[in-house]
Structure formats: structure tokens, C-alpha cells
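Working notes for the structure below.
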Amino acid sequence: MANISTYPTATPKAGDLVVGTQTYDINEANPVVGNPTRNFTVGSVVSSQLPDYINGTINTIPVFTAANTVGDSIMTQLAGTAISIFGNLNVTDIDCENVSALDITASGTTRLESNIIAALPSFADDAAASSLAQGRLYQTDGTGAAPLNVAGIVMIKQ
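Numbers given in this note's numbering equal positions in the sequence shown, counted from 1, plus 46.
Below you can see the structure in the form of C-alpha cells.
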């Protein structure tokens, strides 16, 4: 047999064989004595190891739960639907410069930090915001009658 470094390299496929040894396991019905040389397919090696590192739930967006382990996040998504978050969502910066609409449905406690709400549509007053659905947020544009003659007052469409 030639030195292993002289053999060409290739991208492994699931059916390719890998040479290894089978270890002795006293708990097996017919334990193998010694550590005999065996062939293993790349697919069997991968499939026997992945369950130890990847644990997830269908339609749950994965997250690294340890350096080499993937598990469930607090986010779910059915194909073609909105992302649902079951837990706290902490956002430090949202760049809405190229966003024409931001549709967020919140339940439970909703908190806005630093008094900043970006990308809200601007209207003079509630009557001018008639195109918005009831309960949607908007901000004043400063053209309304007092006390709504200041731009940036956050309002809820009634």
C-alpha cells in the first residue's frame, strides 16, 4: 500500500466506503471481540452522528444551541407564511429606509425603547389617516390643528 498522501482526493458521496475499526461493545447481543477492520459508508457515518448535533422541530427556525449543536429557536414559520415569535424579541436597530410597509402584530406586552419608532406613515390627524386600518400606528406630520401641529406624535388609528 502506498503512502496515503499519494492518493488523490475526492468529494465523498453517501455510498463511498471508509475504512475503520469496529469497537467491542459488551452490551450487544453478539459482541465483536477485538477491534476488527471494517468498511463503513460515508452515509452511515454521517447519519449515525448527526442526531447528536441536530435536534429540531419541523417549521421551527434553527439556532446554534452550543458551539457544534443546532436546536430550536423561539421562531416558527410555515412555508409562505409570516414568522411567529414565541418569546421576547429584542431589536436594537431596524433600518427601514427601503421598506414600504412594516406589518407587526403583537400580543402581550409591547414596549418601545428610547422613544423611537421608525417607518411609520405620517398624517395630519386621525381623519387624514383614513387609509389605515383601525388600531394601526401612525405619526403626525406637523400640518394638523393644535395640538397635532408637531411632527412625530405617535397616534393609534381609531
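Every residue gets a Cβ at the ideal spot worked out from N, C-alpha and C, and that includes glycine.
Exercise for review: Just grab the DSSP bridge partners of Q185 for me.
Suggested key: Q185 pairs with S168 and V200.
Check your understanding: Applying the criterion that 16 or more other CB atoms from any shown protein chain within 10 Å of the CB defines a buried residue, is T186 buried or exposed?
Key -> Classified as buried, T186 has 16 or more neighbouring CB atoms from the shown chains inside 10 Å of its CB.
Practice item. With a cut-off of 8 Å on the beta carbons, I'd call V116 and Y99 a contact; round off their distance for me. Key: Indeed they touch by this definition, with Cβ atoms about 7 Å apart.
Exercise for review: Kindly provide the ranges of any alpha helix (DSSP H) runs that are 4 or more residues long and lie completely inside the region 67-98, ordered along the chain.
Suggested key: Qualifying alpha helix (DSSP H) stretches, in chain order: 88-95.
Point to revise | Beta-carbon proximity check, V64 vs V91, cutoff 8 Å | key: Their beta carbons are under 8 Å apart, which means V64 touches V91 by this criterion.
Practice item. Output yes or no for whether 8 Å exceeds the beta carbon distance between T83 and T67. Key: Contact: yes.
Exercise for review: Pull up the CB-CB distance for V200 and L166, whole angstroms please, since I reckon it's below 8 Å.
Suggested key: About 7 Å separates the beta carbons of V200 and L166, which is inside the 8 Å limit, making them a contact pair.
Review point. Are there 16 or more other CB atoms within 10 angstroms of the CB of G190, so buried, or fewer, so exposed?
Key: Buried.
Point to revise | Beta-ladder partner(s) of T122, from DSSP | key: Bridge partners of T122: T106 and S130.
Review point. Using the C-alpha atoms, what's the distance from Q123 back to A113?
Key: Taking the straight line from one Cα to the other gives about 24 Å.
Check your understanding: Who are the near neighbours of P58 in its chain, counting only those whose CB is closer than 7 Å to its CB and skipping five residues on each side?
Key -> Taken in chain order, the residues that qualify are V88.
Review point. Looking only at its own chain, which residues have a Cβ that is under 7 Å from the Cβ of F110, when we skip the five neighbours before and after it?
Key: Around F110: V116.
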